[in-house]
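Here's the structure we're looking at; comments come further down.
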Amino acid sequence: MIDTLNCSPQQLAIWLSRLVEILRSQGGLTWHSFVQTVAGKTAIIEIDGIQLRLNANHSEPIQVDITDNSDNLESVEALNFGSQAETLRDLIGGRLTLDQGVAIGKIHLRGSLSELLGIHKLTMDIVAESAINPQLQRLWKEFDDLWFRPSFPPPVLSLEEQAAQHGELIRKVPHDVLQISVEPEN
């Protein structure tokens, strides 16, 4: 299914580790949300069929171990998070919300209500911080550039990325009509 060197459990684990370190180095509310959401928990995530096990301890400072789960592939019901890279690109790019992704079945989440609310808050904090944090922007760009991309047309761009087309109505007027000169009457 995934055939490039960059689409490996090791590469995905590296990017997730970098995400954790970026959040740690920035501190603030997003890091606080992260610690509250993951401390003392284990989760199995799957992106494009690659499963990773994340284990966050309770110690200070918090440590997150990320390991390949390929040897014990879990069923969809056992996953805490599952999605495709294209869906993550849409989420990070602002073309899809977490709620919408879950509602239409593009994002699979499993956990208690408090865990799901924590994941929601953390996701919103990370997406919001990505708009102003150059380290997160570089991480997302690297993921976007290097991770497998299926060969189908790109999704519709967000409004901010769409170039405005002005003058569409005037282009519909026949050329000979545009050549008519109208002088005001005295």
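So the sequence shown is residues 1 to 186, counted in the UniProt record's numbering.
Think of the CB as a built atom: it goes at the ideal place given N, C-alpha and C, for glycine as much as any other residue.
Which residues in the same chain have their Cβ closer than 7 Å to the Cβ of A85, if we skip the five residues on either side of it in sequence?
Excluding sequence neighbours, A85 sits near I47, D48, W147, F148.
With 16 as the cutoff for other CB atoms within 10 Å, does T67 come out buried or exposed?
Exposed.
Does the Cβ-Cβ distance between W15 and I92 come in under 8 Å?
Judged by beta-carbon spacing, I92 lies beyond the 8 Å limit of W15, meaning their Cβ atoms are not closer than that value.
In the DSSP assignment, what are the bridge partners of V64?
Paired residues: A56.
Measuring alpha carbon to alpha carbon, tell me which residue in V20, N57, H175 is nearest Q135.
Minimum Cα distance to Q135 is reached at V20.
N57: which of Q51, A78, F34, D71 sits nearest, CA to CA?
Ranked by Cα distance from N57, the options Q51, A78, F34, D71 are led by F34.
Using only the alpha-carbon positions, how far apart do R89 and A13 sit?
Going from the Cα of R89 to the Cα of A13 covers about 17 Å.
Residues in its own chain within less than 7 Å of T4 by CB, not counting five upstream and five downstream?
Note that T4 scores 46 on pLDDT, short of 50, meaning its location in the model is unreliable and no value can be drawn from it.
Whole-angstrom C-beta distance between H108 and S83, which should lie under 8 Å
Right, their Cβ atoms sit about 7 Å apart.
Determine the direct distance from the alpha carbon of S25 to that of I44, and round the result to whole angstroms.
Those two C-alpha atoms are separated by around 25 Å.
By Cβ distance, which residues of its chain are closer than 8 Å to T37, with the 5 residues on each side in sequence left out?
Taken in chain order, the residues that qualify are E115, G118, I119, K121, L122.
Ignoring anything shorter than 3 residues or poking outside the region 14 to 54, list the beta strand (DSSP E) runs there in chain order.
Every unbroken stretch of the beta strand (DSSP E) spanning 3 or more residues and falling wholly within the region 14 to 54 is given here in chain order: 42 to 47.
Does G82 come out as helix, strand or coil in the three-state DSSP assignment?
In this structure, G82 counts as strand in the three-state DSSP scheme.
What three-state label does DSSP hand L96 in the structure shown?
It is coil, neither helix nor strand.
Can you list, in chain order, the residues of its chain whose CB lies under 7 Å from that of D125, leaving out five sequence neighbours each side?
Excluding residues within five positions, the ones whose Cβ falls inside 7 Å are L29, T30, S33.
So, is S181 buried or exposed, given that buried needs 16 or more other C-beta atoms within 10 angstroms?
S181 is exposed by the Cβ-count criterion.
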